[in-house]
Ligand code: AMP
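Spelled out as structure tokens, the structure:
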């Protein structure tokens with residue numbers, strides 16, 4: 571099963587992507603996580619990506635596409651994957667469609683997690699991330715057992731630089747300009763399904779399971 575998660579930053583698509591990956595036993599591929607891992611390791615890609623990410627801008631398509639196409643070579647992708655944060659531009663979507671077509675494949679669903687802009691800023695300022703294992707939480711909606719500590723690996727949680735209020739508005743503008751057109755793209759491809767992301771996390775997941783099949 572090949573799934574794309576669409577939605578504004580902070581719509582909860584990462585949380586849903588992880589749940590889908592667990593349930594359907596497919597890898598969760600988050601381009602944001604891969605960039606952050608590269609930043610942490612101090613790679614050349616990480617250094618380049620950081621310049622854009624810290625400003626709330628998208629990393630250029632050329633860097634992103636090479637990285638994703640490389641990830642698809644991993645044998646764990648044989649049964650499919652759930653893509654979180656990719657594609658984020660029309661050229662990325664076109665490149666993905668083309669790469670799959672060459673293998674006689676296509677994606678199964680593009681799931682748009684819908685949340686209005688006015689909910690996004692407050693959601694993102696409450697978000698906390700573990701930079702060690704990639705887990706994400708929310709101080710109100712997905713609290714940890716112990717405040718500020720990752721349930722999964724015990725490391726400290728942080729408010730990511732790009733989740734700070736001043737960057738969030740910029741990321742939203744970038745989303746509307748460059749990523750939202752993908753909704754029409756996948757609607758035209760007859761792959762689009764929509765879920766109401768304002769509901770409680772588990773209710774949103776159940777809607778997704780209904781679409782994907784148990
Ligand atoms: P995320 O964790 O998905 O919110 O991504 C964090 C940041 O990484 C974004 O604001 C972008 O700067 C960068 N990024 C992640 N995925 C992509 C992508 N597919 N194309 C370009 N930039 C990306």
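Numbering (the working numbering), first residue to last: 571 to 784.
Glycine included, C-beta positions come from ideal geometry on N, C-alpha and C.
Since we're looking at a predicted model, the values are computed, not measured.
A contact between stretches requires three or more CB pairs, one per stretch, nearer than 8 Å, and the stretch 696 to 711 fails this requirement with the stretch 668 to 687. Contact between residue 682 and residue 753 is confirmed by a C-beta separation of about 6 Å, below the 8 Å threshold. The beta strand (DSSP E) runs of length 3 or more contained entirely in the stretch 575 to 638 are, from start to end of the chain, 598 to 600. Judged by DSSP secondary structure, residue 689 falls within the alpha helix (DSSP H) whose first and last residues are 687 to 695.
In this structure, residue 637 has its beta carbon at no less than 6 Å from each heavy atom of ligand 1. Contact between the stretch 760 to 771 and the stretch 600 to 618 is absent: fewer than three C-beta pairs spanning the two stretches fall below 8 Å. Minimum Cα-Cα distance from residue 581 among the listed residues 721, 711, 722 and 715 corresponds to 711.
Comparing alpha-carbon positions, the option among 591, 640 and 578 lying closest to residue 572 turns out to be 591.
In the structure shown, residue 706 falls within a strand segment according to DSSP collapsed to helix, strand and coil. Per DSSP, reduced to three states, the secondary structure at residue 670 is helical.
For the options 610, 694 and 638, the alpha carbon positioned closest to that of residue 585 is the one of 694. Look at residue 721 here: in three-state DSSP terms it is coil, with no helix or strand label. Taking one beta carbon from each stretch, the stretch 621 to 638 and the stretch 724 to 732 have 3 or more pairs nearer than 8 Å; the two touch.
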